[in-house]
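Following: one structure in structure tokens, then a few remarks.
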Amino acid sequence: MEILVIGGGAAGMSAASWARRKAPEARITVLERTNIISHAPCGVPYYIGGLFKDYWLLQAYDVKFFRERRNIEVLTNAEAEELDVRSRVVVARVGGQRAKLEFDRLIVATGARPRRLLSADARVLYVHHPADAEAARRAAEAAREVTVVGGGVLGVEVAEQLRNMGKAVHLVHRGPYLMSRDLDEELGSALTQMARGAGIDVRLGVTVSEVNDSRVRLSDGSYLNSDLVIAAVGVEPNVDLVRGQLRLGPHGAIAVNDRMEATYDYVFAAGDAMEHRNLVTGQPYWSPLAPIANKSGLVAGVNAAGGDKRFPGVLGDIVTRFEGVAFGRVGLNEREAREAGIRYVTSIITTRSRARYYPGGGDVTVKLLAEESSGIIIGGQVAGPEEVIGRLGVIAAAIMRRMTADDLFFVEMGYHPSSGRAWDPVVLAARQLMRV
Numbered sequence: 003m004e005i006l007v008i009g010g011g012a013a014g015m016s017a018a019s020w021a022r023r024k025a026p027e028a029r030i031t032v033l034e035r036t037n038i039i040s041h042a043p044c045g046v047p048y049y050i051g052g053l054f055k056d057y058w059l060l061q062a063y064d065v066k067f068f069r070e071r072r073n074i075e076v077l078t079n080a081e082a083e084e085l086d087v088r089s090r091v092v093v094a095r096v097g098g099q100r101a102k103l104e105f106d107r108l109i110v111a112t113g114a115r116p117r118r119l120l121s122a123d124a125r126v127l128y129v130h131h132p133a134d135a136e137a138a139r140r141a142a143e144a145a146r147e148v149t150v151v152g153g154g155v156l157g158v159e160v161a162e163q164l165r166n167m168g169k170a171v172h173l174v175h176r177g178p179y180l181m182s183r184d185l186d187e188e189l190g191s192a193l194t195q196m197a198r199g200a201g202i203d204v205r206l207g208v209t210v211s212e213v214n215d216s217r218v219r220l221s222d223g224s225y226l227n228s229d230l231v232i233a234a235v236g237v238e239p240n241v242d243l244v245r246g247q248l249r250l251g252p253h254g255a256i257a258v259n260d261r262m263e264a265t266y267d268y269v270f271a272a273g274d275a276m277e278h279r280n281l282v283t284g285q286p287y288w289s290p291l292a293p294i295a296n297k298s299g300l301v302a303g304v305n306a307a308g309g310d311k312r313f314p315g316v317l318g319d320i321v322t323r324f325e326g327v328a329f330g331r332v333g334l335n336e337r338e339a340r341e342a343g344i345r346y347v348t349s350i351i352t353t354r355s356r357a358r359y360y361p362g363g364g365d366v367t368v369k370l371l372a373e374e375s376s377g378i379i380i381g382g383q384v385a386g387p388e389e390v391i392g393r394l395g396v397i398a399a400a401i402m403r404r405m406t407a408d409d410l411f412f413v414e415m416g417y418h419p420s421s422g423r424a425w426d427p428v429v430l431a432a433r434q435l436m437r438v
């Protein structure tokens with residue numbers, strides 16, 4: 003059996019690895035258009051900022067590992083240029099030469115690409131992929147004043163790292179507060195205040211109209227002096243190769259079923275290139291994040307090799323960290339709940355992360371959303387200096403199991419004065435929503 007994987011990022015290499023476990027005798031080939039595989043885009047801002055110096059730390063495993071340890075043929079600098087799904091043929095450019103590859107099973111893991119700020123402007127840098135990291139780092143080191151466009155996770159993290167490098171930083175965001183697509187106003191406004199307090203010039207409610215050699219013009223007519231512009235205005239599914247051959251969903255990504263099958267039972271899609279259903283609303287949802295890429299890759303790989311694994315859906319969790327404080331959400335925020343037509347109630351609490359007599363820690367904020375009629379938890383947000391990811395994990399489990407606020411209140415959270423309270427903040431937020 004010939005299994006061909008297009009894309010060597012997290013989803014593609016996860017798919018190839020699990021296909022190998024399921025089908026030891028299969029011939030598995032991966033095509034990756036860049037020189038780096040099994041990569042970690044989330045580390046790019048920290049490489050730019052000099053938190054670590056070795057570029058190859060952005061790669062979890064190299065080509066030699068997959069060839070020698072997992073018997074997977076990985077071709078880098080190899081781009082699939084033509085695809086005929088029905089004939090089961092891919093034409094790729096490998097090392098400057100065109101090659102024809104046939105397959106029995108195809109896994110599409112072509113990822114996402116950055117949305118463009120201004121059409122074909124060479125003065126704007128994009129930092130979505132590790133392949134962009136080296137050029138961005140050199141440019142950042144040479145610059146004195148930098149404009150970052152986009153106030154989502156990537157923009158916030160890049161701005162923080164540039165500020166840590168001693169640069170003057172402008173952060174331009176079209177929303178009313180930073181991370182406005184993910185966080186509700188309470189946590190998003192707190193993040194915005196932190197960024198401004200750290201010396202970042204945050205401009206809200208505006209977009210970039212023009213970039214020239216030394217200035218950026220904003221939609222309100224104002225100008226920013228800038229040696230460098232870095233765009234982080236979101237991503238879009240990279241699906242040009244399959245357009246017209248595989249069905250796309252409403253978000254423009256490849257539509258899949260719970261086996262990760264895409265249109266045909268011998269074609270699978272995983273990672274940022276596919277969209278699945280939201281576990282709360284049941285509607286199509288696109289969430290281009292590493293954990294989903296890894297897990298959907300597992301399902302696609304197992305099933306491409308003849309197995310029967312099912313992918314339940316996504317919640318859309320996301321976390322960032324700024325100045326030692328983590329901000330995260332899982333499930334629906336208020337905007338998404340309104341758009342889905344869900345009547346909901348909320349609770350929000352701020353308390354200490356540790357017992358008051360134990361040194362260290364800080365304030366932690368937890369916000370919960372629950373369906374008004376049933377009390378079922380549908381979303382949560384957490385901000386604080388520690389244990390944020392763990393608390394989001396508890397909320398995620400509650401959403402997946404359709405737990406009510408009462409159920410969540412009675413979850414026995416681990417407790418020690420050094421890292422928590424007898425009344426955990428998640429429990430306190432659930433208590434506010436309890437029906438008594």
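Going by my numbering, the sequence shown opens with residue 3, and the numbers climb by one from there. Cβ coordinates follow ideal geometry from the N, Cα and C atoms, glycine included. From a predicted model like this one, the values you see are computed outputs, not experimental measurements.
Identity of the residues DSSP links to residue i by a beta bridge
i	result
G386	A328
N280	V316
H443	Given a span of 3 to 438 for the chain in the structure shown, any question on residue 443 remains unanswerable.
V174	V151, R205
Q99	V96
P239	A114
V429	BP columns for V429 are empty, so no partner.
V158	In DSSP, V158 forms no bridge with anything.
A233	Y128, V151
L33	I8, L77
V109	In the sequence as displayed, the identity of residue 109 is Ile instead of Val. According to DSSP, I109 bridges with V7, F270.
H41	Q61
R23	Answer is none; R23 lacks a bridge partner.
N227	R217
V440	One cannot answer for residue 440 here, as it falls past the ends of the chain, which runs 3 to 438.
Burial state of residue i, where buried means 16 or more other Cβ atoms lie within 10 Å
i	result
N73	exposed
Y287	buried
S40	buried
S89	exposed
D86	exposed
D186	buried
P361	exposed
R107	buried
A137	exposed
G364	exposed
L53	exposed
A432	buried
H418	exposed
F412	exposed
S228	buried
S420	exposed
N305	buried
K102	exposed
L59	exposed
R35	buried
V235	buried
R205	buried
Q61	buried
Y128	buried
G223	exposed
S298	buried
G152	buried
Cβ-Cβ separation, residue j to residue i (assumed contact under 8 angstroms), whole Å
i	j	result
G273	G113	6 angstroms
G330	Q383	7 angstroms
G8	A21	As written in the sequence, residue 8 is Ile, which differs from the Gly given in the question. With 8 angstroms as the limit, I8 and A21 do not qualify as a contact, their Cβ atoms being about 13 angstroms apart.
V110	I294	About 15 angstroms separates the two Cβ atoms, so there is no contact after all.
R423	A342	With 8 angstroms as the limit, R423 and A342 do not qualify as a contact, their Cβ atoms being about 33 angstroms apart.
L2	V213	Residue numbering for the chain in the displayed model covers 3 to 438; residue 2 lies beyond these limits and cannot be assessed.
V368	V282	With 8 angstroms as the limit, V368 and V282 do not qualify as a contact, their Cβ atoms being about 18 angstroms apart.
G254	V241	7 angstroms
L220	V150	About 13 angstroms; that fails the 8 angstroms criterion.
E325	M167	Actually they are not in contact, since the Cβ atoms of E325 and M167 sit about 15 angstroms apart, beyond 8 angstroms.
A17	A302	5 angstroms
L230	A145	4 angstroms
Chain C within 9 angstroms of residue i, Cβ atoms only
i	result
G308	Absent from the structure: chain C. Only one protein chain is present.
Report yes or no: do three or more beta-carbon pairs, one from the segment 402-410 and one from the segment 350-361, lie closer than 8 angstroms?
no
With a cut-off of 8 angstroms, do at least 3 Cβ pairs link the segment 43-56 to the segment 156-173?
With the cut-off at 8 angstroms, the segment 43-56 and the segment 156-173 touch.
Ignoring anything shorter than 3 residues or poking outside the segment 185-225, list the beta strand (DSSP E) runs there in chain order.
203-206, 210-213, 217-220
Is there contact here, the segment 310-321 with the segment 389-398, by at least three beta-carbon pairs under 8 angstroms?
With a cut-off of 8 angstroms, the segment 389-398 and the segment 310-321 count as touching, because enough Cβ pairs lie within range.
Scan the segment 333-399 and note each continuous beta strand (DSSP E) run of 3 residues or more that stays entirely inside, going in chain order.
346-354, 365-373, 379-386
Those runs of the beta strand (DSSP E) which lie wholly inside the segment 250-308 and span at least 3 residues
266-271, 276-279
Using 8 angstroms as the threshold, is the segment 126-141 in touch with the segment 242-251, meaning 3 or more CB pairs across them?
no
Whole alpha helix (DSSP H) elements within the segment 55-88, 4-residue minimum:
65-71
How about the segment 63-79 and the segment 177-193: do they share at least three Cβ pairs that are nearer than 8 angstroms?
no
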